[in-house]
């Protein structure tokens with residue numbers, strides 16, 4: 010599991026996750042991810058290159074969204090329609106965290 | 148019921164074992180399992196085994212977790228047996244939908260995911276072991292759309 014951070018236009022921090030976001034992967038990214046959500050206010054989490062998502066990964070995303078939301082910031086997920094997206098929807102995350110199919114839609118949501 | 152193909156993996160209650168489990172499923176699923184079924188199988192087994200590892204025993208107690216897979220025509224059957232404390236996931240109620248992000252409860256999603264991604268789930272306690280049987284019907288597209 011890899012995590013890369015990039016600052017993009019609009020004051021948005023893009024967090025790109027790659028690989029299997031399983032229990033093992035979630036344990037690896039939990040600490041760096043928590044640091045980002047604590048420091049930044051507009052965050053796009055790109056799951057396009059994530060091939061697998063487990064409940065522990067959802068916990069990491071949900072805790073992150075709660076932290077950002079709690080300080081008046083925004084967190085959006087970028088995720089194409091696939092099994093990872095189905096896991097997010099089954100877990101009810103689509104009602105809590107905005108999930109966008111394209112980077113431009115995610116950017117527009119974060120800038121609004 | 149004819150069993151065409153079966154395989155067995157024995158794990159300890161250590162989170163590092165989840166990687167071994169994932170590799171094993173991937174090898175197995177490479178043989179004529181659709182990508183969607185392979186994903187559902189990997190997700191359900193990861194969640195089930197992670198639950199046993201995290202909650203099945205007191206910290207220093209050793210557990211044995213046995214995972215078996217078999218294919219029967221268009222159906223895959225996965226069985227997870229463990230020597231941990233009795234736990235019936237089929238009796239766990241589905242999580243309540245949260246009204247807002249602030250109110251959303253963290254955790255308790257694993258069993259809900261298993262119930263949603265498997266075609267069927269049955270539990271029995273036998274000879275001091277938990278035994279969970281998960282069924283995946285290849286012909287039936289789960290959660291399509």
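Protein chains in written order, with the numbering used here: chain A, 10 to 121; chain B, 148 to 292. The C-beta atom is built at its ideal place from N, Cα and C for all residues, glycine as well.
- Message: Under 8 Å: do the region 12-32 of chain A and the region 113-120 of chain A share three or more Cβ pairs, one atom per stretch?
- Response: yes
- Task: Measure the alpha-carbon distance for residue 192 (chain B) versus residue 222 (chain B) and round it to whole angstroms.
- Result: 16 Å
- Message: Using DSSP's beta-bridge definition, name the partner residues of residue 219 (chain B).
- Response: B:222
- Task: For the beta strand (DSSP E) containing residue 83 (chain A), list its first residue and its last residue.
- Result: 83-87
- According to DSSP, is residue 203 (chain B) helix, strand or coil? coil
- Do you know how far the Cα of residue 232 (chain B) is from the Cα of residue 83 (chain A)? 41 Å
- Task: Could you tell me which chain B residues have their CB closer than 8 Å to the CB of residue 99 (chain A), listed as they occur along the chain?
- Result: 259, 260, 263, 264 and 290
- Message: Please classify residue 160 (chain B) as buried or exposed, where buried requires at least 16 neighbouring CB atoms within 10 angstroms.
- Response: buried
- Reference residue 60 (chain A), options A:14, A:108, A:78 and A:28, closest by Cα: A:28
- Task: Evaluate residue 259 (chain B) with the Cβ neighbour count: other Cβ atoms within 10 Å of its Cβ, from every protein chain shown; 16 or more gives buried, anything less gives exposed.
- Result: buried
- Item | Expected contact under 8 Å - CB spacing of residue 227 (chain B) and residue 214 (chain B) to nearest Å | 5 Å
- Cβ distance (whole Å) where residue 71 (chain A) is taken to contact residue 251 (chain B) below 8 Å: 6 Å
- Query: Can you list, in chain order, the residues of its chain whose CB lies under 8 Å from that of residue 85 (chain A), leaving out five sequence neighbours each side?
  - Reply: 52, 53, 54, 106, 107, 108, 109, 115, 118 and 119
- Residues near residue 102 (chain A) in its chain [Cβ-Cβ closer than 8 Å; skip 5 each side]: 67, 70, 71, 86 and 108
- Sequence ranges, alpha helix (DSSP H) only - wholly within the region 156-197 of chain B, length at least 4: 164-176
- For the beta strand (DSSP E) that contains residue 13 (chain A), what are its first and last residues? 11-17
- Could you tell me the boundaries of the beta strand (DSSP E) in which residue 276 (chain B) lies? 276-284
- Which residues of chain A have a Cβ atom closer than 7 Å to the Cβ of residue 206 (chain B), listed in chain order? Per Cβ cutoff of 7 Å: no residues; residue 206 (chain B) is ~17 Å from chain A at best.
- Message: Please report whether the beta-carbon of residue 121 (chain A) lies at a distance below 8 Å from any beta-carbon of chain B.
- Response: no
- Query: Based on the DSSP output, what are the partners of residue 270 (chain B) in its beta bridges?
  - Reply: B:279
- Interface residues of the region 15-35 of chain A facing chain B [CB-CB below 9 Å]: 29, 31, 32 and 33
- Message: By DSSP's criteria, residue 228 (chain B) is part of a beta bridge. Which residues make up the other side?
- Response: B:213 and B:278
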